[in-house]
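139 is the number of the first residue of the sequence shown in the working numbering; add one for each residue after it. Even glycine gets a Cβ: it sits at the ideal position worked out from N, Cα and C.
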Amino acid sequence: MKNVYDYLISRYGHKDYQPNIYMLIEELSNKVKVLEDKYDAVLQDIKLLEEENIENTNLIYELLENVRALDNRIDIVGENQQNQL
139 MKNVYDYLIS RYGHKDYQPN IYMLIEELSN KVKVLEDKYD AVLQDIKLLE EENIENTNLI
199 YELLENVRAL DNRIDIVGEN QQNQL
């Protein structure tokens with residue numbers, strides 16, 4: 139679709155059709171509304187992904203701290219075993 143005029147011709151099927159400014163405004167308004175709806179949906183998806191990212195990041199840090207704590211306990215048990223030998 140080259141431009142709005144070509145679009146209107148293809149939509150209404152008249153080569154000699156002369157769209158008026160009100161029809162162009164209506165067509166453009168409809169297209170803007172569609173884009174706004176898509177933008178709102180994408181924005182909601184982004185917010186949801188950001189929330190999930192925060193939850194996942196917090197979970198990763200929690201797991202990392204658990205691994206560090208477990209590593210420290212293993213070191214303590216290893217030192218106790220060496221001291222007993």
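In angstroms with no decimal places, state the Cα-to-Cα distance between residue 211 and residue 202.
On the sequence shown, position 73 is the one that residue 211 refers to. On the sequence shown, position 64 is the one that residue 202 refers to. For residue 211 and residue 202, the distance between alpha carbons rounds to 14 Å.
Quick check on the DSSP output: the alpha helix (DSSP H) that includes residue 158 runs from which residue to which?
For the purposes of this step, residue 158 is taken as residue 20 along the sequence shown, with counting starting at 1. From DSSP, residue 158 is part of no alpha helix (DSSP H); its letter is neither H nor E.
Cutoff 8 Å: residue 178 Cβ touching any chain D Cβ:
In the structure shown, chain D cannot be found, because there is only a single protein chain.
Cα-Cα separation, residue 189 to residue 178:
By one-based count along the sequence shown, residue 189 stands at place 51. By one-based count along the sequence shown, residue 178 stands at place 40. Distance between the alpha carbons of residue 189 and residue 178: 17 Å.
Just the Cα atoms here: how many angstroms apart are residue 216 and residue 222?
On the sequence shown, residue 216 is found 78 positions in, with the first residue counted as 1. On the sequence shown, residue 222 is found 84 positions in, with the first residue counted as 1. Using only the alpha carbons, I get a separation of about 10 Å.
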